[in-house]
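**Student:**
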Amino acid sequence: MRLDCSNVGKVEKASIELNSITLIAGLNNTGKSTISKTLYCIFNSFYNVEKKSEEVLKNNIDSVFKMSPLAVFYMYANENVGKIDFTIKELLENRENITEKIITDIITKKLGKDFIKDTGIDISRFFSILTLSQADINKKILQNLFTSEFQGQIQNFAAKKSASINLQVKDENVKIIIKDNIITELENPLNLTHEAIYIDDPFVLDGVSVLRRFNRIPHRSSIEKKLLHNKFEEQSIGQNIDTLSVQKAINDLLVEGNLKNIYAELNKVCNGALVRQESGFLSFISNFDGREISIANLSTGLKTFTIIKTLLLNGYLEEKGTLILDEPEIHLHPEWQIVLAKIIVLLQKEYKMHILISSHSPYFIHAIEVYSKKEKINNPKFYLTQENKNGLISMKDVSANLEPIYNLLYKPLQELESLKSFSED
1 MRLDCSNVGK VEKASIELNS ITLIAGLNNT GKSTISKTLY CIFNSFYNVE KKSEEVLKNN
61 IDSVFKMSPL AVFYMYANEN VGKIDFTIKE LLENRENITE KIITDIITKK LGKDFIKDTG
121 IDISRFFSIL TLSQADINKK ILQNLFTSEF QGQIQNFAAK KSASINLQVK DENVKIIIKD
181 NIITELENPL NLTHEAIYID DPFVLDGVSV LRRFNRIPHR SSIEKKLLHN KFEEQSIGQN
241 IDTLSVQKAI NDLLVEGNLK NIYAELNKVC NGALVRQESG FLSFISNFDG REISIANLST
301 GLKTFTIIKT LLLNGYLEEK GTLILDEPEI HLHPEWQIVL AKIIVLLQKE YKMHILISSH
361 SPYFIHAIEV YSKKEKINNP KFYLTQENKN GLISMKDVSA NLEPIYNLLY KPLQELESLK
421 SFSED
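Positions 1 to 425 (full-length UniProt numbering) are the ones given, in order, by the sequence shown.
#1: Nearest by alpha-carbon distance to R2: which of L419, S53, G272, H354 is it?
#2: Excluding sequence positions up to five away, which residues of its chain have a Cβ less than 6 Å from the Cβ of I357?
#3: Hey, quick one: how far does the beta strand (DSSP E) through F284 stretch, first residue to last?
#4: With a threshold of 16 other CB atoms inside 10 Å of the CB of F146, please say whether the residue is buried or exposed.
#5: Determine the direct distance from the alpha carbon of D114 to that of L317, and round the result to whole angstroms.
#6: Decide yes or no for the touch test of the stretch 357 to 372 against the stretch 6 to 26: beta carbon pairs closer than 8 Å, at least 3 of them.
#7: Have a look at K110 and I88 and give me their C-alpha separation to the nearest angstrom.
#8: Excluding the 5 residues preceding and the 5 following T34 in the sequence, name in chain order all residues of the same chain whose CB lies nearer than 7 Å to its CB.
#9: Counting only the same chain and skipping the five closest in sequence on each side, list residues whose C-beta sits under 8 Å from that of L419.
#10: If you reduce the DSSP assignment to three classes, tell me which class A341 lands in.
#11: Based on Cα-Cα distance, which residue from K411, N388, L384, H194 lies nearest to A400?
#12: Given a threshold of 16 other Cβ atoms within 10 Å of its Cβ, counted over all protein chains shown, does G31 qualify as buried or as exposed?
#13: Under 6 Å Cβ to Cβ from T306, same chain only, skipping five residues before and after it: list those, please.
#14: Counting only runs of 4+ residues fully inside the stretch 172 to 235, write out the alpha helix (DSSP H) ranges in chain order.
#15: Return the bridge partner residues of Y383 from the DSSP annotation.
#16: Would you check if the distance between the CB atom of G321 and the CB atom of I197 is smaller than 8 Å?
#17: Apart from the five residues on each side of it in sequence, which residues of its chain come closer than 6 Å, Cβ to Cβ, to F382?
#18: From L347, T131, N94, N379, pick the residue whose C-alpha is nearest to that of A264; which is it?
#19: Just grab the DSSP bridge partners of V8 for me.
#20: Starting from L167, follow the beta strand (DSSP E) in both directions and report where the run begins and ends.
#21: Please state the DSSP three-state secondary structure of Y351.
#22: In three-state terms, what does DSSP make of D62?
#23: Along the chain, where does the beta strand (DSSP E) containing E292 start, and where does it finish?
#24: What is the residue span of the alpha helix (DSSP H) that L313 lies within?
#25: Using 8 Å as the threshold, is the C-beta distance between G301 and S286 below it?
#26: Near E172, what residues of its chain come up, given a Cβ to Cβ distance below 8 Å and the 5 sequence neighbours on each side ignored?
#27: On the DSSP letters alone, give me the boundaries of the alpha helix (DSSP H) that L130 sits inside.
#28: From this set, I154, L130, I116, which residue's C-alpha is nearest T184's C-alpha?
#29: Using only alpha-carbon positions, find the residue among R95, N379, L205, L259 that is nearest to N297.
#30: By the three-class DSSP mapping on this structure, what secondary structure does E17 have?
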């Protein structure tokens, strides 16, 4: 797998190989997160495309109903709110041969013969939505995710050129062109069977509950849902389920199976599990004494390990999946950074995952380097961000020699040592 992008965020040009473990090193504000967001947006736009397409159409049709104040009043006054979903469902079922007459007949049948006349709702709007091509829908899905992740600022401010992104997965190559923060071209959209897991904030754990709205940033909202629900559960969000029995069964399989080494490393730091309380919130139960600990009282470092362990138990870290870790070491003591690095390398070894990491910790990067060699990880890649004369960022492949990374990241310590020597003189 290979990602090429130009003029996205602060990144002027980057070409990144993603075959096993890929680590991007650099100082703060040098485009590392830009690569993470870009990969996430592409992967998760083209994962489960059929379901996403239906959601786009459903949401747009629902918006047409709600655009008319008279339609909203009519729905509430006549207790038709619950009928809207059934109306949308039937419209989608007839999409292949849809006409304005069919739309009129369905709405009249579901919502009453006077609904269209009384509300003045525009049937042509429904027709325009229901006749959208799959290419337009794919572009809409991708645009929505990029806009949300980048807060509408996809291109960099300095460059007046359009942004381009290419992602090659095996023999397939998706190409994206972005002008004025709008996706204008999309070629060869993928049909992916795995979604990317993107972790960049251990504090996402604090407010996870079935009773609250999920985070507005898509990748964090996705993590919140995955922490709440096991992948193998068929129940919908909000239902009361016995997560303890499910997790215990998976725990037993992990301990007995090939992942026992990973599980053992996780338990060195995180010897316990999340459980869902009747209140809808999560808490942490320690395996040492069975005590229940509020998430708010877990150390920030422990939250990082708890998130990874829970995603593993809940079935979301999977064979040949994609895991994106944005500065995962940031709240960890160097000793725990080394433990985390070992876990990441073991995950790649056992699951053959594509793992993208960004970091500015020399301890953590060195640990990834050492454990990758020890576990014989195939072709790990290391990149260093570089600021160009125009203030934009490029990325250099330093996999053959990591000294430029260590020289850059150890520089502040060397400066302190120089000051110390000067003061002693």
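Glycine is no exception: its CB is placed at the ideal position from the N, C-alpha and C atoms.
Keep in mind the model is a prediction, meaning the values are calculated, not measured.
**Tutor:** Straight from the coordinates:
#1: Within the sequence shown, the letter at position 2 stands for residue 2. The residue with the shortest Cα to Cα distance from R2 is H354.
#2: If you number the sequence shown from 1, residue 357 lands on position 357. Here the set comprises L23, L325.
#3: Here residue 284 is taken as the residue at index 284 of the sequence shown, counted from 1. Run containing F284: 282 to 286, per the beta strand (DSSP E) assignment.
#4: Against the sequence shown, residue 146 aligns to sequence position 146. Under this definition F146 is a buried residue.
#5: What you label residue 317 is simply residue 317 of the sequence shown in a count that begins at 1. What you label residue 114 is simply residue 114 of the sequence shown in a count that begins at 1. So the alpha carbons of these two residues sit roughly 52 Å apart.
#6: yes
#7: Working through the sequence shown from its first residue, we reach residue 110 at position 110. Working through the sequence shown from its first residue, we reach residue 88 at position 88. Rounded to whole angstroms, K110 to I88 spans 10 Å at the Cα level.
#8: In the sequence shown, residue 34 corresponds to position 34, counting from 1. Cβ neighbours of T34 beyond the five flanking positions: V8, G9, K10, V11.
#9: As a working mapping, residue 419 is identified with position 419 in the sequence shown. Cβ within range, chain order: n/a, list empty.
#10: The residue labelled residue 341 in the question sits at position 341 within the sequence shown. Residue state, collapsed to three classes: helix.
#11: Taking the first residue of the sequence shown as position 1, residue 400 is located at position 400. Closest by alpha carbon: L384.
#12: Here the question's residue 31 lines up with position 31 in the sequence shown. Buried: at least 16 other Cβ atoms inside 10 Å.
#13: For this step, residue 306 is matched to residue 306 along the sequence shown. C270.
#14: 218 to 228
#15: In the sequence shown, residue 383 corresponds to position 383, counting from 1. Answer by DSSP bridge pairing, in chain order: I24, D397.
#16: Within the sequence shown, numbered from 1, the residue matching residue 321 stands at position 321. Within the sequence shown, numbered from 1, the residue matching residue 197 stands at position 197. Yes, they are a contact pair.
#17: One-based indexing of the sequence shown puts residue 382 at position 382. Counting only Cβ-Cβ distances below 6 Å, and skipping sequence neighbours, we find L23, V398, S399, L402.
#18: In the sequence shown, counting from the first residue as 1, residue 264 sits at position 264. That would be L347, whose Cα lies nearest to the Cα of A264.
#19: Counted from its first residue, the sequence shown places residue 8 at position 8. According to DSSP, V8 bridges with V11, Q155.
#20: The residue labelled residue 167 in the question sits at position 167 within the sequence shown. Looking at the DSSP string, the run of the beta strand (DSSP E) that includes L167 is 163 to 169.
#21: Counted from its first residue, the sequence shown places residue 351 at position 351. Here Y351 sits in helix by DSSP.
#22: Position 62 of the sequence shown, counting from 1, holds the residue named residue 62. Three-state result, D62: helix.
#23: By one-based count along the sequence shown, residue 292 stands at place 292. First-last of the beta strand (DSSP E) with E292: 292 to 294.
#24: Working through the sequence shown from its first residue, we reach residue 313 at position 313. 300 to 313 is the span of the alpha helix (DSSP H), which, as asked, contains L313.
#25: Within the sequence shown, the letter at position 301 stands for residue 301. Within the sequence shown, the letter at position 286 stands for residue 286. For G301 and S286, no; Cβs fall outside 8 Å.
#26: Here residue 172 refers to the residue found at position 172 when the sequence shown is read from its first residue. Hits under 8 Å: N188, L190.
#27: Here residue 130 is taken as the residue at index 130 of the sequence shown, counted from 1. L130: member of the alpha helix (DSSP H) spanning 123 to 130, first to last residue.
#28: Within the sequence shown, residue 184 is the residue found at index 184, counting from 1. Checked all of I154, L130, I116; the closest Cα to T184 is I154.
#29: By 1-based counting over the sequence shown, the position of residue 297 is 297. Closest by alpha carbon: L205.
#30: Against the sequence shown, residue 17 aligns to sequence position 17. Strand, per DSSP.
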